[in-house]
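These notes concern the structure reproduced below.
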Amino acid sequence: MSVTLTHAADLSNESVMGDHRLVRFSRRAFAVGTIALIGAFALAWRQQDAHGFAMIWLQSAIFILTLGLGAFFFTLLQHATGASWGIAVRRVAEAQAANLQWIGLLFIVPMIWLVATNRDWHGLTSQGGHGHGLGLVWPWADLAHLTAEAPAEAALVAAKSAYLNTQFFLARACFYCAFWAIAAGWFFRTSRKQDHTGDPALSQRMRMMAFPTLILFALTSTFAAVDWIMSLSPAWFSTMFGVYFFCGICAGGFSVIALACLRLQSLGYLRGVLTAEHYQDLGKFIWAFGVVFWAYIAFSQYMLIWYGNLPEETVWFLARQVGDWSWVSIALLFGHFVIPFVFFISRWMKRWRQTLAIGAVWMLAFAWIDLYWLVMPVIPADVATFNTYDELAQAYAATSTGLANPVNYLMLVGFLGLFIGSASGRLATGAVLCRRDPRLNESLNFENI
């Protein structure tokens, strides 16, 4: 396929084919990640807090999952809409989405191990024990222990046992992870196949597959959010939580795509292929989905729960408004919405590489903080004994967020190292551009109106 250019895009092998530069970068990322994970395990062993370590693992694993899911959604959206501008960016997203082929193991392996050992974790947690097996993380998994700690909550949870039970929970988790791995792997392999054959029918095949895959993506990501995050507080519920989680997927996933594109160009790839026009659209995606839509859904969820004023709903937000958690909530308001809204609203902040990089790193950081805010707070077992909110706030004024624990950041760096190393290594074995897509010419000559 011939490509006619209106600007100087370098399509030579040095610009579009992975080589030793990406291999070296991948190895460094793997090395940093491995060292960080070893440090995290060593420090966690000294702390002897099984529950705390399990929660850090869960939060970090979900964060890495959102990066892969965000890249996968971007890929599916480009195929489904037939957008041409994203073709120049799509291979980067495909490589990151292909990490879903192993990310599921971060959930499945620990879950199966917890169920298989069914260990009593009493005495090995900072909060006096969290039951047996999966009960270390998810309270509903050991109803007897939950009944002893919070009888009123246990009664509500017991009514959900048809859904919240260990066997069904594991079966759903395996289905989610298998679907993500198979679907993301298929799109990556098919796109790579087109690099060799140049068959335009492959583009149509991927587009037709994108529509049902998007539906299954929405269902699996929503149910995974309910299972792995919302059921940490099993008596609480929100019909908007799946959409809220989707916003987090977009905030982190689109940001890491932008950073990966910037890094590739700094290594000498995609010279003249990715322009300010492409970066502007990436910035639009971050701003629209990760900032504006996130704020809309977050406000809507909070407003509806505040207006309904049901104790089983409001208690979830109360736990995030006492002690140091109130500062995290305020930080999210400004850091995830107000500041990036103003920062990204100008087209020039999205077109300049330096400012886009700053904005993407900022959003990536607050996507992590947002997940920490979702996963880590614990609803006080004695919350029903307080007559007013002021009494609750005073009783838990010294509540710590645990953000100072270095295991959080060692685990984050470790998983990011594996994510970056895996995606970079995958790009190193072939083209970093969908170089024989029939509409590549449109993407290379794309201009914003």
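Residue numbers (this note's numbering): 20 to 468. Where a beta carbon is used, it is the ideal one built from N, C-alpha and C, also for glycine.
Please identify the residue among G309, K369 and T418 whose C-alpha is closest to the C-alpha of D343. Looking up residue 343 in the sequence shown gives position 324. Considering only G309, K369 and T418, the residue with the shortest C-alpha distance to D343 is T418.
Are the CB atoms of C266 and I316 within a distance shorter than 8 Å? What you label residue 316 is simply residue 297 of the sequence shown in a count that begins at 1. What you label residue 266 is simply residue 247 of the sequence shown in a count that begins at 1. Note that the C-beta distance between I316 and C266 is below 8 Å.
Go to I388, then tell me how far its alpha helix (DSSP H) extends in each direction, as first and last residue. For the purposes of this step, residue 388 is taken as the residue at position 369 of the sequence shown. It spans R372 to V394 - the alpha helix (DSSP H) in which I388 sits, taken as one unbroken run.
Would you say the beta carbon of Q413 comes nearer than 7 Å to a heavy atom of the ligand MG? With respect to small molecules bound, the structure shown includes none, and the ligand MG cannot be examined in it.
Per DSSP, which one or two residues make a beta bridge with H98? Position 79 of the sequence shown, counted from the start, is the residue given in the question as residue 98. Beta-bridge pairing links H98 to no other residue.
Between K369, F308, F336 and R226, which has its C-alpha nearest S103's C-alpha? For the purposes of this step, residue 103 is taken as residue 84 along the sequence shown, with counting starting at 1. Distances from the CA of S103 to each of K369, F308, F336 and R226 were compared; the closest alpha carbon is that of R226.
Quick one: measure Cβ to Cβ for A277 and A379, integer angstroms, because I've assumed they're closer than 8 Å. Here the question's residue 277 lines up with position 258 in the sequence shown. Here the question's residue 379 lines up with position 360 in the sequence shown. Right, the Cβ-Cβ distance comes to about 4 Å (below 8 Å), so this counts as a contact.
Give the secondary structure of M225 by DSSP, where H, G and I count as helix, E and B as strand, and everything else as coil. On the sequence shown, position 206 is the one that residue 225 refers to. When secondary structure is reduced to three states using DSSP, M225 falls in the helix class.
Beta carbon of G436, beta carbon of A48: below 8 Å? Translated into positions along the sequence shown, residue 436 becomes position 417. Translated into positions along the sequence shown, residue 48 becomes position 29. Yes, the pair counts as a contact, with Cβ atoms nearer than the cut-off.
Buried or exposed (CB count within 10 angstroms, at least 16 for buried), T407: As a working note, residue 407 is residue 388 in the sequence shown. With fewer than 16 other Cβ atoms within 10 Å, it is exposed.
Where S365 falls, given that 16 or more other Cβ within 10 Å makes a residue buried: Residue mapping note: residue 365 aligns to position 346 of the sequence shown, counting from 1. By the neighbour-count criterion, in which 16 or more other beta carbons inside 10 Å mark a residue as buried, S365 falls on the exposed side.
Proximal residues to S338 (C-beta, below 6 Å), its chain only, five neighbours per side dropped: Against the sequence shown, residue 338 aligns to sequence position 319. According to the sequence displayed, residue 338 carries Ala and not Ser. Closer than 6 Å at Cβ, skipping near neighbours: P396 and I398.
Quick one: give me the first and last residue of the alpha helix (DSSP H) that Y195 is part of. As a first step, residue 195 is located in the sequence shown; it is residue number 176 there, counting from the start. Secondary structure note for Y195: its alpha helix (DSSP H) is the uninterrupted segment T185 to T216.
Could you check where the alpha helix (DSSP H) with Y326 kicks off and where it finishes? On the sequence shown, residue 326 is found 307 positions in, with the first residue counted as 1. From DSSP, the alpha helix (DSSP H) with Y326 extends over W313 to G327.
Proximity below 8 Å, CB of F256 to CB of Y195: Translated into positions along the sequence shown, residue 256 becomes position 237. Translated into positions along the sequence shown, residue 195 becomes position 176. The Cβ-Cβ distance between F256 and Y195 does not fall below 8 Å.
Through-space distance from A135 to H70, alpha-carbon basis: Residue 70 sits at position 51 when you count from the first residue of the sequence shown. Residue 135 sits at position 116 when you count from the first residue of the sequence shown. So the alpha carbons of these two residues sit roughly 17 Å apart.
Output the boundary residues of the alpha helix (DSSP H) element that contains R40. As a first step, residue 40 is located in the sequence shown; it is residue number 21 there, counting from the start. Annotation for R40: the continuous alpha helix (DSSP H) segment containing it runs H39 to Q66.
Identity of the residue in D300, L238, G327 and L235 nearest S462 by Cα: Counting from 1 along the sequence shown, the entry for residue 462 is found at position 443. Nearest to S462 by C-alpha distance, out of D300, L238, G327 and L235, is D300.
Take V111 as the anchor and find which of T85, V275 and E172 has the nearest alpha-carbon. Translated into the one-based positions of the sequence shown, residue 111 becomes position 92. Selected option, being the one with the closest Cα: V275.
Boundaries of the alpha helix (DSSP H) in which N137 is found, first to last residue: As a first step, residue 137 must be located in the sequence shown, where it is residue number 118. Counting along the chain, N137 falls outside any alpha helix (DSSP H), and DSSP gives it neither H nor E.
Confirm, please, whether the CB-CB distance from V347 to V402 is below 8 Å. Stepping through the sequence shown from its first residue, residue 402 is reached at position 383. Stepping through the sequence shown from its first residue, residue 347 is reached at position 328. Not a contact, by the Cβ cut-off of 8 Å.
Should D456 be labelled buried (16 or more other beta-carbon atoms within 10 Å of its own) or exposed? Taking the first residue of the sequence shown as 1, we reach residue 456 at position 437. Classification of D456: buried, given that the 10 Å Cβ count is 16 or more.
Going by DSSP in three states, M259 sits in which element: helix, strand or coil? If you number the sequence shown from 1, residue 259 lands on position 240. It is coil, neither helix nor strand.
Exposed or buried, which one is G152 when buried takes at least 16 other CB atoms within 10 Å? Working through the sequence shown from its first residue, we reach residue 152 at position 133. G152 sits buried, since 16 or more C-beta atoms from the chains shown fall within 10 Å of its C-beta.
Continuous alpha helix (DSSP H) stretch holding A174: start and end: Looking up residue 174 in the sequence shown gives position 155. Under the DSSP assignment, A174 falls in the alpha helix (DSSP H) whose first and last residues are P170 to A177.
Could you check whether A177 and L162 sit closer than 8 Å to each other, using their CB atoms as the reference points? As a first step, residue 162 is located in the sequence shown; it is residue number 143 there, counting from the start. As a first step, residue 177 is located in the sequence shown; it is residue number 158 there, counting from the start. It is a contact, given that the beta carbons lie within the stated cut-off.
When you compare only the Cα positions, how much space is there between V451 and N464? Along the sequence shown, one-based indexing puts residue 451 at 432. Along the sequence shown, one-based indexing puts residue 464 at 445. Near 18 Å, if we compare the C-alpha coordinates of N464 and V451.
Below 6 Å CB to CB, which residues in the same chain sit around A400 once its five sequence neighbours on both sides are set aside? Residue 400 sits at position 381 when you count from the first residue of the sequence shown. Result list for A400: E168 and A169, in chain order.
L24 versus L283: straight-line alpha-carbon distance, rounded: The sequence position of residue 24 within the sequence shown is 5, counting from 1. The sequence position of residue 283 within the sequence shown is 264, counting from 1. A caution first: L24 carries a pLDDT of 47, below 50, which makes its placement in the model unreliable, though a value can still be read off. Those two C-alpha atoms are separated by around 21 Å.
Would a C-beta distance cut-off of 8 Å place G272 and G52 closer than the cut-off? As a working note, residue 272 is residue 253 in the sequence shown. As a working note, residue 52 is residue 33 in the sequence shown. Inclusion of G272 and G52 in the CB contact set at 8 Å is not warranted, their separation being larger than that value.
Does DSSP put A450 in a helix, a strand or coil? Locating residue 450 in the sequence shown gives position 431, where the first residue counts as 1. It is a strand residue.
Hey, would you say T85 sits closer than 8 Å to A386, going by beta carbons? Here residue 85 refers to the residue found at position 66 of the sequence shown. Here residue 386 refers to the residue found at position 367 of the sequence shown. Contact: yes.
Rounded distance between the beta-carbons of L30 and A447, thought under 8 Å: Residue 447 sits at position 428 when you count from the first residue of the sequence shown. Residue 30 sits at position 11 when you count from the first residue of the sequence shown. No, A447 and L30 are not in contact; Cβ-Cβ is about 18 Å, not under 8 Å.
Is it buried or exposed for A416, if we count other Cβ within 10 angstroms and need 16 for buried? Against the sequence shown, residue 416 aligns to sequence position 397. Taking all protein chains shown into account, A416 has fewer than 16 neighbouring C-beta atoms within 10 Å of its C-beta and is therefore exposed.
Which residues share a DSSP beta bridge with M36? Taking the sequence shown and counting its residues from 1, the one referred to as residue 36 is at position 17. The partner list for M36 (beta bridge, DSSP) reads A450.
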